[in-house]
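What follows is a short report on a single structure.
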Amino acid sequence: KKILDHKITGAPVFDEHGKVIGMFSEKDALKMVLEVAYNQSSAGNVTEYMTSGVVKVEAEMSIVDLAEKFQNSAIRSFPVYRDQDLVGIISRTDVLRALASTA
């Protein structure tokens, strides 16, 4: 519901120490909803449906490099890091907007 409410394509999932352990995407949410409907059961924990093995990008990465990374990936949003710290999330739409504003 929060993904829809905030109009985002995904959100990071944190462990109890604040470390990102995965991303919960629209695709993951759809899988969860369909599984709950099919099994007529309650939803489990987000960690059961999230995508683990998070692909990260660095805050200093250029917009063109980000565009290429999105082009070569099915992933719709990446967590953005500066050193070891999560500083944001960037989506394909964000990159398209940035490229359009410079054109």
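For my numbering, add 164 to where a residue sits in the sequence shown, where the first one is 1.
Every residue gets a Cβ at the ideal spot worked out from N, C-alpha and C, and that includes glycine.
Computed from a predicted model, the values in this text were never measured in an experiment.
If you draw a straight line from the Cα of residue 174 to the Cα of residue 253, it is about 8 Å long. Residue 255 is bridged by DSSP to 241.
As computed with DSSP, residue 187 is found in a beta bridge with 176, 215. Comparing alpha-carbon positions, the option among 205, 228, 178, 190 lying closest to residue 169 turns out to be 190. Check the Cα spacing between residue 241 and each of 182, 205, 215: the tightest is with 215.
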